[in-house]
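Trainee: Just passing along the structure, written as structure tokens.
Chains as they are written, first to last, in our numbering: chain C, 506 to 566; chain A, 2 to 802.
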């Protein structure tokens with residue numbers, strides 16, 4: 506049963522990562538505009554880069 | 002009206018032989034504004050197109066799936082909005098706007114990209130759900146006017162927006178619930194992992210030490226999770242208990258806390274039964290139900306607020322020779338207010354200068370535009386059609402006729418709030434009953450069954466856990482969310498979930514005429530005119546935004562705009578031709594003494610050397626009005642028509658629809674009184690209306706519907722708003738309401754049946770944690786699946802409606 510010593514922390518850790526990921530997504534406003542998010546996927550051009558830059562700036566401040 | 006024009010336009014800017022405006026797709030004639038390699042219907046569109054090209058955003062025209070509205074040439078008003086800007090400590094400015102006129106994803110893209118092209122912009126994000134634009138930039142607060150100007154030049158209208166405290170609290174609550182749900186979900190999954198091992202292990206392979214270890218780990222996860230995720234329920238339960246009342250959160254809190262407490266004592270005693278999984282799973286299911294409920298209510302709240310924000314648009318006040326933008330509540334009687342052509346009048350007042358026609362249909366239901374001039378009385382909510390007006394304010398804000406109607410509406414709504422929802426009625430007796438049952442079974446085992454105190458408490462706890470209203474709490478919100486989304490797919494926005502319950506019992510439907518049964522816009526009657534003359538008239542009409550002209554233009558799509566036509570405010574249009582002057586306008590303008598009087602609006606066309614031509618217009622019925630009314634009558638509803646319009650027009654509409662009970666010239670108070678009378682007879686009334694004169698009646702009726710073309714205030718008063726101009730929304734709404742009630746009853750019945758079966762088991766002491774977990778998740782699943790049937794039913798019948 507020693508395997509439990511690895512398995513249980515591993516299971517809990519993975520679950521925890523998932524939960525923290527969700528909380529992060531929630532905090533960064535990804536659930537605020539679900540309609541827009543569905544449409545934004547379709548904009549595929551150069552402005553993606555600009556947006557990435559935007560996000561980096563946003564995170565820094 | 003622009004909508005009609007757009008529909009007539011070909012799908013793409015270059016798709017057909019008819020030249021259309023490169024920006025908005027309006028058909029062009031010979032009068033074209035050519036600029037920057039494109040052809041446009043007006044300077045506004047040319048400006049928007051040029052701006053888009055200059056910013057290198059030409060891809061907008063490929064991305065879009067809907068045509069834009071013609072951009073307004075005046076480029077918006079020069080208001081100073083810097084007081085709406087919030088300056089952060091780090092020198093960043095933050096402002097929020099509501100943007101009107103968004104059609105499709107390309108609009109989002111265009112607005113965001115155009116703003117991001119500005120060097121000082123740090124954040125520009127437009128939400129498709131809330132239509133809210135969040136802007137952050139580095140620099141002066143006054144930049145806000147330039148930035149808003151960009152959005153306006155692109156052809157969208159935008160207004161500063163400040164979230165009020167109620168909305169912020171609502172959003173905070175929604176986020177808090179989501180976080181609690183995430184924590185509960187994580188905890189439930191992991192504890193279940195451990196519990197399943199314990200349950201399968203008890204068969205033999207697992208020793209008591211391992212079991213206790215698993216229970217211990219479960220406790221480590223469960224205790225913080227319950228403490229965090231249970232707060233919404235504990236708080237609400239505590240609040241009502243202090244007032245000496247009870248609600249559904251009381252048995253929830255007691256059940257969860259007892260389950261956790263008993264499990265903890267089992268853990269300390271190394272006992273075999275721990276209910277940590279049940280406690281956390283309960284919270285998880287309940288939070289889902291709570292979140293769905295809050296979302297459906299939050300959606301309603303947000304749409305109402307959006308409407309309100311636009312109702313409170315700033316008023317242009319003339320002071321010391323300059324035009325100032327002021328919030329409506331800061332306009333005082335005596336102030337001079339300017340109203341541009343096409344704008345809605347925001348105050349009650351007397352016209353000081355200008356001649357124009359106003360559309361009063363939303364206030365009185367009267368379809369014909371009224372001519373007004375200096376000295377005429379106008380009311381807030383009327384639309385100025387022809388020419389700019391200057392109005393001396395007599396009342397503003399809550400003092401206006403509009404404000405008076407709003408007060409009547411509030412009073413009417415209070416009556417409706419007395420309605421107690423089915424779930425609350427169940428909750429009222431549910432909590433005492435289950436608590437009593439748990440107490441009795443514990444006492445029974447202790448005194449009659451001679452069980453130990455510990456076992457008796459364990460059994461009482463099992464009763465409470467198994468009766469924890471998990472399925473009951475999910476039963477109603479899940480059905481509502483499914484019903485709301487089914488309605489939304491059909492273009493009906495539900496504003497209040499309680500309305501669906503109220504609407505299920507409807508047996509009488511009261512219609513307004515103008516704008517509800519009819520389109521609310523005039524249409525040219527086919528009197529067999531000479532097509533060539535009609536084309537000439539339509540060509541002139543294309544140069545005007547007057548509703549009759551737009552109706553004429555829409556009736557004759559082949560016409561090309563007459564380039565040199567000149568509009569004379571309040572009179573009509575004239576065009577100089579080699580043969581003489583062609584005139585289109587009212588009778589006197591066209592040189593006719595007075596036309597025959599009937600119930601139609603009219604335009605006269607005067608062509609040199611010919612008899613003046615009379616073009617008649619009438620407000621046409623919605624395309625599916627006859628079928629819908631016939632369908633409703635077949636279904637056995639009692640139908641009434643209440644209109645503020647003249648008897649002739651109402652009688653004609655009632656006759657063609659086959660409605661026998663009708664009343665004309667009914668003002669707001671009369672309409673509400675009729676509905677109150679019907680309710681007194683014991684009828685359950687659905688009101689469908691769009692105008693200010695319907696608002697009180699909409700609020701007074703058991704349930705109400707308003708078309709999206711209606712006035713803001715009517716949409717606020719109505720329970721649901723339907724889009725797309727199809728009256729079929731009325732039977733659909735009633736059908737979903739009945740389906741909603743049926744499924745809610747089924748679900749509640751099932752949840753109670755489940756309790757009836759499970760409680761005896763628990764009282765008998767047969768409920769182990771395994772049985773509790775299986776029973777609870779099975780009952781919740783059944784309730785959810787049953788609710789989904791409402792949505793499936795919707796897609797099956799999609800074809801016909």
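By construction, the Cβ of each residue, glycine as well, lies at the ideal position given by its N, Cα and C atoms.
Look up residue 375 (chain A) in the DSSP assignment and give the residues it is bridged to.
Mentor: Along the second chain, read from residue 1 onward, the residue named residue 375 (chain A) stands at position 374. DSSP, once it has assigned bridges, lists no residue as partnering residue 375 (chain A).
Trainee: Among A:23, A:42 and A:26, which has the Cα closest to the Cα of residue 562 (chain A)?
Mentor: If you number the second chain from 1, residue 562 (chain A) lands on position 561. Nearest of A:23, A:42 and A:26 to residue 562 (chain A), Cα basis: A:42.
Trainee: For residue 149 (chain A) and residue 54 (chain A), I'd like the C-alpha separation in whole angstroms.
Mentor: Mapped onto the second chain, residue 149 (chain A) falls at position 148. Mapped onto the second chain, residue 54 (chain A) falls at position 53. For residue 149 (chain A) and residue 54 (chain A), the distance between alpha carbons rounds to 19 Å.
Trainee: Can you list, in chain order, the residues of its chain whose CB lies under 6 Å from that of residue 77 (chain A), leaving out five sequence neighbours each side?
Mentor: Counted from its first residue, the second chain places residue 77 (chain A) at position 76. Here the model assigns residue 77 (chain A) a pLDDT of 44, short of 50, so the residue's position is not dependable and the matter cannot be decided.
Trainee: Give, in chain order, every residue of the region 94–118 of chain A whose Cβ lies closer than 7 Å to some Cβ of chain C.
Mentor: Correct list: 106, 109, 110, 114 and 117.
Trainee: When the Cα atoms are used, what is the spatial distance from residue 544 (chain C) to residue 579 (chain A)?
Mentor: If you number the first chain from 1, residue 544 (chain C) lands on position 39. If you number the second chain from 1, residue 579 (chain A) lands on position 578. Near 54 Å, if we compare the C-alpha coordinates of residue 579 (chain A) and residue 544 (chain C).
Trainee: Assuming residue 467 (chain A) is part of the alpha helix (DSSP H), what are its boundary residues?
Mentor: Here residue 467 (chain A) refers to the residue found at position 466 of the second chain. Start and end: 454–468.
Trainee: Could you compute how far the alpha carbon of residue 234 (chain A) sits from the alpha carbon of residue 158 (chain A)?
Mentor: In the second chain, counting from the first residue as 1, residue 234 (chain A) sits at position 233. In the second chain, counting from the first residue as 1, residue 158 (chain A) sits at position 157. Distance between the alpha carbons of residue 234 (chain A) and residue 158 (chain A): 42 Å.
Trainee: Name the residues in the region 514–532 of chain C whose C-beta lies less than 8 Å from a C-beta of chain A; which are they?
Mentor: Cβ contacts with chain A come from 516, 517, 520, 521, 523, 524, 527, 528 and 531.
Trainee: Classify residue 538 (chain C): buried if its beta carbon has 16 or more other beta carbons within 10 angstroms, exposed otherwise.
Mentor: In the first chain, the residue the question calls residue 538 (chain C) occupies position 33. By the neighbour-count rule (16 or more Cβ atoms within 10 Å), residue 538 (chain C) is buried.
Trainee: Within 10 angstroms of the Cβ of residue 74 (chain A), are there 16 or more other Cβ atoms? Answer buried if so, exposed if not.
Mentor: Reading the second chain from its first residue, position 73 is the one you call residue 74 (chain A). With a pLDDT of 44 at residue 74 (chain A), under the threshold of 50, the modelled position of that residue is not reliable, and no figure is offered here.
Trainee: Can you grab the Cα-Cα spacing for the pair residue 352 (chain A) / residue 395 (chain A), in whole Å?
Mentor: The residue given as residue 352 (chain A) occupies position 351 in the second chain. The residue given as residue 395 (chain A) occupies position 394 in the second chain. Their backbone Cα atoms lie some 10 Å apart in a straight line.
Trainee: Apart from the five residues on each side of it in sequence, which residues of its chain come closer than 6 Å, Cβ to Cβ, to residue 216 (chain A)?
Mentor: Reading the second chain from its first residue, position 215 is the one you call residue 216 (chain A). Excluding positions up to five away in sequence, the list reads 268 and 275.
Trainee: So, using beta-carbon positions, are residue 584 (chain A) and residue 560 (chain A) closer together than 7 Å?
Mentor: To locate residue 584 (chain A), count along the second chain from 1; it is residue 583. To locate residue 560 (chain A), count along the second chain from 1; it is residue 559. No, these two residues do not count as a Cβ contact at 7 Å.
Trainee: For the region 169–180 of chain A, which residues have a beta carbon sitting closer than 8 Å to at least one beta carbon of chain C?
Mentor: So the close ones are 176, 179 and 180.
Trainee: Please report whether the beta-carbon of residue 544 (chain C) lies at a distance below 7 Å from any beta-carbon of chain A.
Mentor: For this step, residue 544 (chain C) is matched to residue 39 along the first chain. Closer than 7 Å to some Cβ of chain A, the Cβ of residue 544 (chain C) qualifies, so yes.
Trainee: Using a Cβ-Cβ distance under 7 Å, would residue 540 (chain C) count as near chain A?
Mentor: Here the question's residue 540 (chain C) lines up with position 35 in the first chain. Chain A contact via Cβ: present.
Trainee: Can you tell me whether residue 193 (chain A) is buried or exposed, with buried defined as 16 or more other CB within 10 angstroms of its CB?
Mentor: Start at 1 with the first residue of the second chain, and residue 193 (chain A) comes out as number 192. That one is buried.
Trainee: Identify which residue in A:214, A:385 and A:354 has its Cα closest to the Cα of residue 510 (chain C).
Mentor: Counted from its first residue, the first chain places residue 510 (chain C) at position 5. Ranking A:214, A:385 and A:354 by Cα distance to residue 510 (chain C) puts A:214 first.
Trainee: So with CB distances below 8 Å, who are the chain C contacts of residue 474 (chain A)?
Mentor: Your numbering for residue 474 (chain A) matches position 473 in the second chain. Within chain C, no residue comes near residue 474 (chain A); the closest Cβ sits about 22 Å away, beyond 8 Å.
Trainee: Can you tell me whether residue 196 (chain A) is buried or exposed? The criterion is at least 16 other CB atoms within 10 Å of its CB, across all chains shown.
Mentor: On the second chain, position 195 is the one that residue 196 (chain A) refers to. The residue in question, residue 196 (chain A), is buried, as its Cβ has 16 or more Cβ neighbours within 10 Å.
Trainee: Counting only runs that start and end within the region 656–696 of chain A, where is the beta strand (DSSP E) found for 3 or more residues in a row?
Mentor: The qualifying runs are 662–664 and 686–689.
Trainee: Would you list the residues sitting across from residue 95 (chain A) in a DSSP beta bridge?
Mentor: For the purposes of this step, residue 95 (chain A) is identified with residue 94 of the second chain, where counting begins at 1. Note: residue 95 (chain A) sits in a beta bridge opposite A:87 and A:137.
Trainee: Taking the C-alpha atoms as reference points, what is the distance between residue 386 (chain A) and residue 707 (chain A)?
Mentor: Here residue 386 (chain A) refers to the residue found at position 385 when the second chain is read from its first residue. Here residue 707 (chain A) refers to the residue found at position 706 when the second chain is read from its first residue. One C-alpha to the other measures close to 24 Å.
Trainee: Which residues does DSSP list as the beta-bridge partners of residue 159 (chain A)?
Mentor: Translated into positions along the second chain, residue 159 (chain A) becomes position 158. Note: residue 159 (chain A) sits in a beta bridge opposite A:100.
Trainee: Pick helix, strand or coil for residue 722 (chain A), following the three-state DSSP scheme.
Mentor: Counting from 1 along the second chain, the entry for residue 722 (chain A) is found at position 721. Here residue 722 (chain A) sits in strand by DSSP.
Trainee: Do you know offhand how far residue 131 (chain A)'s Cα is from residue 189 (chain A)'s?
Mentor: In the second chain, counting from the first residue as 1, residue 131 (chain A) sits at position 130. In the second chain, counting from the first residue as 1, residue 189 (chain A) sits at position 188. Cα-Cα distance, rounded: 33 Å.
Trainee: So, helix, strand or coil for residue 624 (chain A), using DSSP?
Mentor: The count along the second chain starts at 1 and reaches residue 624 (chain A) at position 623. DSSP places residue 624 (chain A) in coil when its eight states are reduced to three.
Trainee: Thinking C-beta only, is residue 673 (chain A) closer than 7 Å to residue 698 (chain A)?
Mentor: Locating residue 698 (chain A) in the second chain gives position 697, counting from the first residue. Locating residue 673 (chain A) in the second chain gives position 672, counting from the first residue. Result yes, Cβ atoms of residue 698 (chain A) and residue 673 (chain A) sit closer than 7 Å.
Trainee: What residues are listed by DSSP as bridge partners for residue 582 (chain A)?
Mentor: Locating residue 582 (chain A) in the second chain gives position 581, where the first residue counts as 1. DSSP output for residue 582 (chain A) lists A:577 as bridge partner(s).
Trainee: Does any residue of chain A bring its CB to less than 7 Å from the CB of residue 510 (chain C)?
Mentor: Along the first chain, one-based indexing puts residue 510 (chain C) at 5. So, not an interface residue.
Trainee: For residue 113 (chain A), report the span of its alpha helix (DSSP H) as first-last.
Mentor: Against the second chain, residue 113 (chain A) aligns to sequence position 112. Looking at the DSSP string, the run of the alpha helix (DSSP H) that includes residue 113 (chain A) is 106–117.
Trainee: Residue 285 (chain A) versus chain C: which residues are under 9 Å apart at the beta carbon?
Mentor: Residue 285 (chain A) sits at position 284 when you count from the first residue of the second chain. Those do not exist, as residue 285 (chain A) stays about 12 Å from chain C at its closest Cβ, beyond 9 Å.
Trainee: Within a Cβ cutoff of 6 Å, which residues of the same chain sit near residue 127 (chain A), ignoring the five residues on either side of it in sequence?
Mentor: For the purposes of this step, residue 127 (chain A) is identified with residue 126 of the second chain, where counting begins at 1. Once the five neighbours on either side are set aside, the close Cβ partners of residue 127 (chain A) are 109, 112, 113 and 134.
Trainee: Are there 16 or more other CB atoms within 10 angstroms of the CB of residue 361 (chain A), so buried, or fewer, so exposed?
Mentor: Your numbering for residue 361 (chain A) matches position 360 in the second chain. Buried, since its Cβ has 16 or more Cβ neighbours within 10 Å.
Trainee: Give the residues of chain C in contact with residue 128 (chain A), contact being defined as C-beta atoms less than 9 Å apart.
Mentor: Counted from its first residue, the second chain places residue 128 (chain A) at position 127. Near residue 128 (chain A) (Cβ distances below 9 Å), the residues of chain C are 537, 538, 540 and 541.
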